[in-house]
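Protein chains in written order, with this note's numbering: chain A, 26 to 352; chain B, 1307 to 1615; chain C, 11 to 340. Each remark here refers to the structure printed beneath this line.
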């Protein structure tokens, strides 16, 4: 099956500082892909770059294809048809994601007018239907309200409704629940997964929260310092991480049940993008780093069916994991 | 909503009372008008008669109350210089001032706002840098320096335009240019930073992400938001229509309200000064009120707050 | 269990809030009859969503704001009135760290100077000794004197939080209130700071009040956990036990909402409705409009926090334990 989206060698630099350094990623139709990583790892930039949403001074290179058609450098009119049409995106901060001076109707109908052959009453009816789908009660009346009259969770629901306006094949959700309380986060994630099932829509869930990604995605890619360092089916990644950084991330997460253990904190900090170490960017923090790690950045290489890792010490790392497990 | 504006109107009235009081106090305390008008050589009995005629011998609080009750009745006093009603003197100067400030206001808006928007949309470009440099110059160069500079170039060196007076429309060009350039610079700077602030907001990215063409993102998402802070500075500029040209009118000997004010202050012509101050306060306060109404119109968050009351 | 260092007895705090600029003011009960006891050397974790009153509780415990009613006792003595000499002496023994270390630090001063500041204020030791103490504190939070010479802007988020911690420890406090201290940090850095806090607590015998919305972090660091909802404690118990067997429907939903790697979302309890608004507190049990198990009684009668066995206390009409006396329905 040909992928819905395929990204190859995607690189981004701001003012000469590389923040994305060669990302390869493919996404199948209807698939849910998780993208995890800490701040500055490039997980949001990947998709902003893919959709041409980065500021003008960003230097973007590589290739992003949607159903085989190249998006990078595509004419503005074509990108505008893709954005909000075939690919929709929702963002983290619900409080400022909607235009404060426009009514919900205006913002929702704008998306409908752009991507659907609807007019007049049909647009309004569809707007009401979308609000119903995302669980905004009393949709008819609420359409004429302004964003500040809704709570954070409701605004995120409206954002989802707006994203659905173009019947997208892919929804990119960039930290959609980070700013929300735990019980509201659960509501939004539930809504996203039920919508995805019903519309057989593919989803990219970008999150710093391993738990959120693990529960809601089929496949997960872990990013570090502008690269994907491990990619695997969700259950396998969390049961058996191979890259030392992925292992570190999972070990750093306090368990909610079972015996308490000391957290395996990763020493040091994320490297400064302007001062990237030669070779593997994780080597300076890596317990398994050896001399060759400093020579060349390892590329993402398959290690099993559906699994790939960018680590020349992957095998050693695997042994170390078994050693830990044997304790 | 009604209460929201009632409070605003009340506050505006209070501002006017404070301005009038301030003017009264400062002017009465800064020198004896009788001496100023009649000169130090005047015989004492003439001075005494003058003081009596103008009520200058009454206790200061009495003069103050007197003054207020007169204003309440619409009597703004007479000029101590030629005995004509002060309001008449002021009103007959207003057209001359508006002949400068109104076109200048139009030019400020027509130049400043598009320049600011363009600079923000092309941040870092050569045009942005040029606009910003001009804006900083407009900000820092005092208007009398700019006025003299323009006179030097266009009147003295090139001889294209007259350097002062009010005989033809050509006389108005340099004063209007002086007023427009400074104001346009301020407005451009302000609009640019308001636009940049708005363009960095997440909802702009949301609009792009749903496929709104960039031109429409700017016109229907960015501009309505950037208009909110810009209206503040516009309101301020409307407030200066009457008396914002004091310096320029003096430099170009343009017989407007500003020059009248300068002369009246120099002569301690209290009634005229107070009349002008009251007028300035009125325009300022009115334009502020209009700004408040516009805020309510532009920003639904404020409207909602008003509606709660 | 040792004697409590900090005892909080039925504290309440309400604010008057105006709806809109000229709206009528309504009383918001931020904290409503909260009682806690934190044994010496232990950690009490306070969890809840926004509007639960957990941060206000922390501020009252620290004496940063007075309770409207109720009392805070520190080391057996009631908190002195703010400003008094006794209050200052007490305050030197208790410190606070916040979520945003950059906001807590002065950008214009080297961080070592800021660690030293409390020593100068409280006149601890000779100047030379203070220098040595600053180096010692930097070591304690696993930083070097080179880090101390830097300005806050030149440090990473995790390093800044360590500096804030070092400054809080300067006066050798017995009690530390931590309000979301690791929420702004990335997971790997969060683990560093959590480990550091645990180590320092063991070394220095610190007593902690740890406020967070993150159940995982709270469980990792706490002995006792209290769950707050709209200004009241709805459940309190030992950390491991509470998360393993939550009794209150709200705690159950919270635990269930916490995503876990290796578990799919099937069977999660998803609460309906928006997060509660402290200005419009429902009658009866404040949780009843969102509670999947609410009965008629919940809408009329406020449940009282009562022991249900072990050291667990729950405020819910539907949860009854062996020690609970049955009260008549109102």
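Using N, Cα and C, we set each Cβ at its ideal position, and we do this for glycine too.
Short CB-CB distance (under 8 Å) between residue 325(C) and chain A: no
Sequence-distant residues of the same chain with beta carbon closer than 6 Å to residue 321(A), five excluded per side: 304
Enclosing beta strand (DSSP E) for residue 231(A) [first to last residue]: 227-232
Short-range partners of chain B found in the segment 124-138 of chain A, where Cβ spacing is below 7 Å: 124, 125, 126, 135 and 136
Presumed contact (8 Å Cβ cut-off) between residue 78(A) and residue 1528(B), rounded CB distance: Not really, about 15 Å apart at Cβ, beyond 8 Å.
Local Cβ density within 10 Å of residue 1540(B), reported as buried at 16 or more and exposed below that: buried
Collapsed DSSP secondary structure at residue 43(A) in the structure displayed: strand
Whole-angstrom distance between residue 1524(B) and residue 298(A), CA atom to CA atom: 32 Å
Chain B contacts made by the segment 154-184 of chain A, where a contact means CB separation under 8 Å: 171, 173, 174 and 184
Whole-angstrom C-beta distance between residue 197(C) and residue 278(A), which should lie under 8 Å: 6 Å
Identified DSSP bridge partners for residue 87(C): 84(C)
Beta bridge counterpart(s) of residue 189(C) as assigned by DSSP: 221(C)
Chain-ordered neighbours of residue 205(C) on chain A, where CB pairs are closer than 7 Å: 287, 288 and 290
Closer than 8 Å at the beta carbon, the chain C residues around residue 275(A): 271
Limits of the unbroken alpha helix (DSSP H) element including residue 1467(B): Element bounds for residue 1467(B): n/a, residue is neither H nor E.
Neighbour-count burial assignment, residue 1531(B), 16 or more Cβ in a 10 Å radius: buried
Interface residues of the segment 1509-1527 of chain B facing chain A [CB-CB below 9 Å]: 1509, 1510, 1511, 1512, 1513, 1514, 1515, 1516, 1517, 1518, 1519, 1520, 1522, 1526 and 1527
Residue-level contact to chain C via CB, residue 236(A), 8 Å cutoff: yes
Near-chain C residues of the segment 204-238 of chain A - C-beta to any C-beta below 7 Å: 206, 207, 208, 209, 210, 211, 212, 214, 215, 218, 233, 234, 235, 236 and 237
Contact the segment 197-207 of chain C vs the segment 266-278 of chain A: 3+ CB pairs below 8 Å: yes
Beta-bridge pairing of residue 33(A) - partner residues as DSSP gives them: 88(A)
Below-8 Å beta-carbon distance, residue 23(A) vs any chain C residue: A query on residue 23(A) cannot be resolved here, the shown segment of chain A reaching from 26 to 352 and no further.
Delimiting residues of the beta strand (DSSP E) encompassing residue 103(A): No beta strand (DSSP E) holds residue 103(A); the alpha helix (DSSP H) holding it covers 101-107.
Sequence-distant residues of the same chain with beta carbon closer than 6 Å to residue 357(A), five excluded per side: Since the first residue of chain A shown is 26 and the last is 352, residue 357(A) is not available in this structure.
Own chain, CB closer than 6 Å to residue 1494(B), minus 5 neighbours either side, in chain order: 1418, 1421, 1422, 1437 and 1441
Alpha-carbon spacing of residue 1331(B) relative to residue 1576(B), whole angstroms: 11 Å
Neighbourhood of residue 1488(B) by C-beta, 7 Å cutoff - its chain only, sequence neighbours within 5 removed: 1444, 1449 and 1452
Any C-beta of chain B under 8 Å from that of residue 324(A): no
Close beta carbons around residue 47(C), own chain, < 6 Å, minus the five adjacent residues each side: 14 and 17
Beta-carbon neighbours of residue 1535(B), restricted to chain D and to distances below 7 Å: Given the protein chain composition of this structure (A, B and C), no chain D is represented.
Under the three-state DSSP convention, the category residue 49(A) falls into: strand
Through-space distance from residue 1606(B) to residue 1614(B), alpha-carbon basis: Here residue 1614(B) scores only 38 on pLDDT, less than 50, and its place in the model is too uncertain to base an answer on.
Amino acids of chain A, ordered along the chain, whose beta-carbon sits closer than 8 Å to that of residue 60(C): 206
Three or more C-beta pairs below 8 Å linking the segment 198-212 of chain A and the segment 107-127 of chain A: yes
Beta-carbon gap between residue 217(C) and residue 51(C) smaller than 8 Å: yes
Interface flag, residue 1384(B) vs chain A, CB-CB below 8 Å: no
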